[in-house]
Amino acid sequence: MDPELEAFIPFLPDTDFSDPVGARESFAERAAARPAPDVADLRIEDRTVPADPDVPVRIYRPREPRGAIVWLHGGGFVFGDLDTEHPWAARIAAGSGAVVVSVDYRRSPENRFPAALDDAGAVLAWTAEHATELGADPGRVAVGGHSAGAGLAAAVALRARDEQGPPIRFQLLNEPGLDDRQETWSQRTFTDTPWHDRDKIALAWRHYLGGAPATPYAAPARAEDLAGLPPAYIATAEFDPVRDEGIDYAVRLLRAGVAVELHQWPGTFHGSQAILSADVSQRQIAALAAALRRAMSD
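In my numbering, the protein residues as written are 559 to 856.
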C-alpha cells in the first residue's frame, strides 16, 4: 500500500449498500465537506436533456475546447449525483480542455437496469447533436467515468456500436466495474479492501439488476465481440476487487484490434484518488486528464 494512502485508511468512512438512501445522504455530506475545486477558468451550467424521463446534466466548458466527454459518476449505481461529482468533473474539464457533460442518471434500486444506460445514451445523443453549440468538435465526443460510471460508459460504447448510435471517439474508464460474476482473482481475493470490497460489489449488482440476468449492456465483460469499439484509456488500482476485470477487458480490446492505454497504479485502492494530498492521487488524476487531452488532439 502506498504509505501516503495507508495513513488515511483508519479514518475512511464505511458505505452501507444495504441502505441506499442512507448511503446517498452520507456520501453527499462527505462530498460537501471537501475543498471546492478551482473553477475560475470554467463556465458551468445546469441543463436538462430531453428524454423519457428528462435527464439533468451539468456542463463544464473550458476556454477553447476541442471536444466533449459524457461523464458518468461512480457510486455502485446506487449513490452519487451532480453535486457529489462536481470536483471530479471540474478537474477533468480543467485538466483536459474538454467540455464535460456530467450526467445525473437514475440510480438503483428504485430504477434498475437499463434506466441508467438509457439516460447515458440519451445524453450521448444530445451531446453529439449539440456539440457545436457547446463549443466542441462534433467528431470529438468521448464517454467516460469512474467505477460503476466507467462500466456504464463502456456499456454506452457497446450499445452505440451495435445500434449505429453517435460515433464515440474515446473511452476514459477509471477503475471500471464491468463484470457481475465476481469470478476474477482480485474479486475472490480482495474481500476486505478499503472502501470497496466483494460484499459491497455484490449488493451493488443486486440493486442494479434486481435479480434479472445480466446482459453485456449491463456488464460489458460479458460481451463476446469487442471489435469496432472506440480507443480506450483504462486505469486500475492494485488493491481493488474490480482490478482484474479492468485489465482483462483492456487485453480483450487489444486482441479485438482496439487501441488501448492500460495503467495499473501500484499501491492504490478503489477510489483512493479522493485522498488528494497523496502524490499518487495527483498523478492518477493528471494522467486521466492527459489521456483525454491527447485523444481530443490527435
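Cβ atoms here follow ideal geometry from the backbone N, Cα and C, with glycine treated the same way.
What are the boundary residues of the alpha helix (DSSP H) that Ala678 is part of? It spans Ala673 to Glu687 - the alpha helix (DSSP H) in which Ala678 sits, taken as one unbroken run.
Which value, in whole angstroms, describes the spacing of the CA atoms of Val613 and Thr747? In a straight line, the C-alpha of Val613 is about 38 Å away from that of Thr747.
What residues in its chain sit with their C-beta under 7 Å from that of Ala680, if we drop five residues either side in the sequence? So the list reads Val607, Ala609 and Val613, once near-sequence residues are dropped.
Of all the beta strand (DSSP E) runs that stay within the bounds of the region 592-641, which reach a length of 3 or more residues? Runs of beta strand (DSSP E) with 3 or more residues, each lying fully within the region 592-641, are found at 601-607, 613-619 and 626-630, listed in chain order.
DSSP on Trp823, reduced to helix/strand/coil? In the structure shown, Trp823 sits in a strand (DSSP, three-state: E or B).
Label Ser654 either buried or exposed according to how many other C-beta atoms from any shown protein chain fall within 10 Å of its C-beta, with 16 as the threshold for buried. Buried, because 16 or more other Cβ atoms sit within 10 Å of the Cβ of Ser654.
Asp837, buried or exposed, once every other Cβ within 10 Å from all chains shown has been counted against 16: Around the beta carbon of Asp837, a 10 Å sphere encloses fewer than 16 other beta carbons of the protein chains shown; the residue is thus reported as exposed.
Per DSSP, Thr751 is paired with what? DSSP lists no bridge partner for Thr751.
Count the C-beta pairs between the region 773-793 and the region 588-595 that are closer than 8 Å, then say yes if the count reaches three, no if not. Taking a cut-off of 8 Å on C-beta distances, the region 773-793 does not touch the region 588-595, as fewer than three cross pairs fall below it.
Report the rounded CA-to-CA distance for Gly815 versus Ala590, giving the unit in angstroms. Straight across, the Cα-Cα distance linking Gly815 with Ala590 is about 42 Å.
Note down the Cα distance separating Ala689 from Arg616, rounded to an integer number of angstroms. Between the alpha carbons of Ala689 and Arg616 lies a gap of roughly 14 Å.
Using a threshold of 8 Å, state whether the C-beta atoms of Asn669 and Ala708 are closer than that. Their beta carbons are not under 8 Å apart, which means Asn669 does not touch Ala708 by this criterion.
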